[in-house]
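As you go down the protein sequences, you meet chains V and F in turn. Under the working numbering, the first residue of the first sequence carries the number 4, and numbering increases by one thereafter. Under the working numbering, the first residue of the second sequence carries the number 78, and numbering increases by one thereafter. We put the CB at the ideal spot given by N, CA and C, even for glycine.
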Amino acid sequence: MILVYSVGMDLAAIPSPVELIELPATQIALAELVLLAVAGGLLGAFVVLRRLAFFSHAVGTATFPGLVVADATGFSATVAGLCVAVGYAGGVERASHTGRAPGDTATGLLLVAALAGGIILASDVFESGAAVDRLLFGTAIGLDGGDLALSGVAALLAVAGTVLLGRAWTAGGFDSVSAPLLGVPARRADLLLLLLVALSAVAALPAVGALLVTSIFVVPAAVARLFTRDMRGLLLWSMAVAAAQGTLGLYLSIWLDVPPGPAVAVLGAGVYALCATGIGARSRLPGAEAA
Amino acid sequence: MAPPPAVAAHGLSLGYGAGPALEGVHFEAAAGTTLCVLGPNGGGKTTLFRALIGDLRPLAGDVHVAGRPAYLAQTERTRLDFPVSALDVALMGSLASGRWWLPPRRAERHAALAALERVGLAAQADTLFGELSGGQRRRALLARALTQDAAVLLLDEPFAGVDPASAELMTAVFDELRSEGRTLLVSTHDVESARSFDLVLCLNGLQVAFGAPGESLGREVLETTYGSDLVILEEAPERPVRAITVQHHEH
Ligand SMILES: Nc1ncnc2c1ncn2[C@@H]1O[C@H](COP(=O)(O)OP(=O)(O)OP(=O)(O)O)[C@@H](O)[C@H]1O
Ligand SMILES: [Mg+2]
């Protein structure tokens, strides 16, 4: 770990990827980001299509106060994050089916409250200090086997969900009125999508942080939408972009000695901006920039 | 004993919160019949369809539909920015076969293509749904309803925005569906086309008439249904009245 930082200290010295990949910490971080790319890329395609981008942002950030408390008390951050995220997803699903879907305003207020609450807890109650940075923006070198396992589970469930529920998610998102008439269990499928996004968001917390989890869902799928016209292409491109963004972002984060969350997010946003302006005028799908 | 009706409403009253929007609806349609739902703007046609698909809970009375109906909504509730082609949309109908967790089979692809062919959209099979014209989109959604292979089809103004040639195509499809023994509910503003149905149901906030077109579509019923929107074209003894409706815009 010392070595990683000593490599990263000097901006002029570009670290050799070959040397980096021999470090166990880098290997874990790389594996983590690739697993997250599978989960984030696949689910992200549906997140963008179903206009859940703001939800995916909120579900990550909502965990922040819980993470602060867990960090200070030694409680499991994963369990705390899962409780908050799953609770939030369940609440959103229930509200949307009673006709009281939390609008953007409510989601925005929740985001502010979660962030402010977390900061107050961290600075005045627990005096968390440097841990706040890690909780908000993630870490490349502090990941362990448990983090990998959770991301592995998220990736597996995302693949299974996409294979088994992909048609239902597509049909339900395309036409929510008719989907139930087609015999598709649209409501349960939608709840599962929200829960899978919540689980993947929690899995992404250690690496990319509470504030930037949405970057693994939204950016790859938004870029992929610029290049593809069918669902299969969208899913494959989205995963590929997520993997490339994760790998390059990790490299940048080690080189520039910044947390991986911002590196991945800035890289992704930059790539999206480049692609969108490059082919923006000829953007094939109406509303492709909806994310 | 007579077989149970394919579609029925008994003492039905429907609304959206502030009092009923449609009252006193009481009818039964046997399997294999075609029923035309006539009425002016705001008459309650769409409201009735929404109750039949279970999207709107009755204030009073009950509705019955045999099996899961296929539904063509009047206003598009579809998303135009989805990366789905006309064929993908038609294929969604095959989800109704109950294997929604599996990829579509070859037979289902053929059925979806055949449905597109029936509505005259075979050449546009690979076109993105969002890049079709409005009338083509309605036909793609009709193809989805055909692929669904439902016993009951609820079509809310299927001819709206469809050109005459395609309307003719669709009429032929409806005749085929009827000869296949399916039950069709079609809402329309066109009084004259209502005469080709087995049954008509006239709605104007309440049920004005229900029965065979020959008996139901008299001057009195039409006037109660349409009020001042009705223009009688021709009326002679022993002949059905010929009438059209005009829209009085209130902007
Ligand atoms: N979502 C809604 N909320 C409140 N009122 C509604 C809603 N939809 C329809 N209504 C009211 O219910 C009544 C019947 O409307 P409906 O849409 O069923 O008419 P329609 O016969 O389908 O008319 P059109 O020919 O214009 O399609 C109208 O008075 C309308 O104002
Ligand atoms: Mg209507």
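Does ligand 1 have even one heavy atom less than 6 Å from the beta-carbon of residue i?
| i | result |
| --- | --- |
| residue 93(F) | yes |
| residue 121(F) | yes |
| residue 118(F) | yes |
| residue 301(F) | no |
| residue 98(F) | yes |
| residue 250(V) | no |
| residue 322(F) | no |
| residue 124(F) | yes |
In whole angstroms, what is the alpha-carbon distance linking residue i and residue j?
| i | j | result |
| --- | --- | --- |
| residue 118(V) | residue 132(V) | 15 Å |
| residue 3(V) | residue 321(F) | This structure gives no information on residue 3(V), because the portion of chain V shown stretches from 4 to 294. |
| residue 10(V) | residue 21(V) | Because the pLDDT of residue 10(V) is 45, which lies under 50, any placement of that residue in the model is unreliable, and the question is left without a value. |
| residue 209(V) | residue 26(V) | 19 Å |
| residue 206(V) | residue 103(F) | 56 Å |
| residue 81(F) | residue 110(F) | 13 Å |
| residue 255(V) | residue 77(V) | 31 Å |
| residue 145(V) | residue 28(V) | 8 Å |
| residue 115(V) | residue 134(V) | 20 Å |
| residue 289(F) | residue 106(F) | 11 Å |
| residue 259(V) | residue 165(F) | 46 Å |
| residue 120(F) | residue 137(F) | 18 Å |
| residue 75(V) | residue 124(V) | 10 Å |
| residue 194(V) | residue 235(F) | 33 Å |
| residue 2(V) | residue 306(F) | Residue numbering for chain V in the displayed model covers 4 to 294; residue 2(V) lies beyond these limits and cannot be assessed. |
| residue 319(F) | residue 131(F) | 35 Å |
| residue 274(V) | residue 282(V) | 12 Å |
| residue 257(V) | residue 143(V) | 8 Å |
| residue 206(F) | residue 80(V) | 44 Å |
| residue 245(V) | residue 225(V) | 10 Å |
| residue 253(F) | residue 274(F) | 13 Å |
| residue 157(F) | residue 230(F) | 23 Å |
| residue 297(F) | residue 135(F) | 29 Å |
| residue 197(F) | residue 218(F) | 12 Å |
| residue 146(F) | residue 236(V) | 32 Å |
| residue 270(F) | residue 241(F) | 13 Å |
| residue 128(V) | residue 136(V) | 16 Å |
Could you tell me whether any Cβ in chain F is nearer than 7 Å to the Cβ of residue i?
| i | result |
| --- | --- |
| residue 220(V) | no |
| residue 55(V) | no |
| residue 294(V) | Below a pLDDT of 50, predicted positions are generally treated as unreliable, and residue 294(V), at 39, falls in that range; no measurement from the model is reported. |
| residue 269(V) | no |
| residue 181(V) | yes |
| residue 230(V) | no |
| residue 186(V) | yes |
| residue 190(V) | no |
| residue 170(V) | yes |
| residue 49(V) | no |
| residue 237(V) | yes |
Can you confirm whether residue i, when its beta carbon is compared against all beta carbons of chain V, has any partner nearer than 7 Å?
| i | result |
| --- | --- |
| residue 241(F) | no |
| residue 155(F) | yes |
| residue 126(F) | no |
| residue 145(F) | yes |
| residue 95(F) | no |
| residue 160(F) | yes |
| residue 228(F) | no |
| residue 219(F) | no |
| residue 247(F) | no |
| residue 173(F) | yes |
| residue 303(F) | no |
Flag this pair as yes or no: are the beta carbons of residue i and residue j separated by less than 7 Å?
| i | j | result |
| --- | --- | --- |
| residue 159(F) | residue 177(V) | yes |
| residue 172(V) | residue 49(V) | yes |
| residue 198(V) | residue 92(V) | yes |
| residue 219(V) | residue 43(V) | yes |
| residue 46(F) | residue 204(F) | Nothing can be reported for residue 46(F), as the shown portion of chain F is limited to 78 through 328. |
| residue 91(F) | residue 128(F) | yes |
| residue 297(V) | residue 113(V) | Here chain V covers residues 4 to 294 and nothing more, so residue 297(V) does not appear. |
| residue 87(V) | residue 65(V) | yes |
| residue 153(V) | residue 70(V) | no |
| residue 285(F) | residue 301(F) | yes |
Does any heavy atom of ligand 3 sit closer than 6 Å to the C-beta of residue i?
| i | result |
| --- | --- |
| residue 284(F) | The model on display carries ligand 1 and ligand 2 but not ligand 3. |
Say the cut is 6 Å; is the CB of residue i nearer than that to a heavy atom of ligand 2?
| i | result |
| --- | --- |
| residue 213(F) | no |
| residue 225(F) | no |
| residue 201(F) | no |
### Query
Is the stretch 210 to 217 of chain V touching the stretch 255 to 268 of chain V in the sense that three or more CB pairs, one from each, lie closer than 8 Å?
Taking 8 Å as the limit for Cβ pairs, the verdict is that the stretch 210 to 217 of chain V does touch the stretch 255 to 268 of chain V.
### Query
Between the stretch 184 to 199 of chain F and the stretch 215 to 229 of chain F, do three or more beta carbon pairs fall short of 8 Å?
Touching, yes, given that three or more Cβ pairs across the two stretches are closer than 8 Å.
### Message
With three or more C-beta pairs closer than 8 Å as the rule, is the stretch 161 to 179 of chain F touching the stretch 183 to 198 of chain V?
### Response
Yes: the two stretches touch, three or more of their Cβ pairs being nearer than 8 Å.
### Task
Pair every Cβ in the stretch 257 to 266 of chain F with every Cβ in the stretch 112 to 125 of chain F, then say whether three or more of these pairs are closer than 8 Å.
The stretch 257 to 266 of chain F is in contact with the stretch 112 to 125 of chain F.
### Query
Between the stretch 86 to 104 of chain F and the stretch 244 to 262 of chain F, do three or more beta carbon pairs fall short of 8 Å?
Two segments are said to touch when three or more pairs of C-beta atoms, one from each, lie closer than 8 Å; by this definition the stretch 86 to 104 of chain F does not touch the stretch 244 to 262 of chain F.
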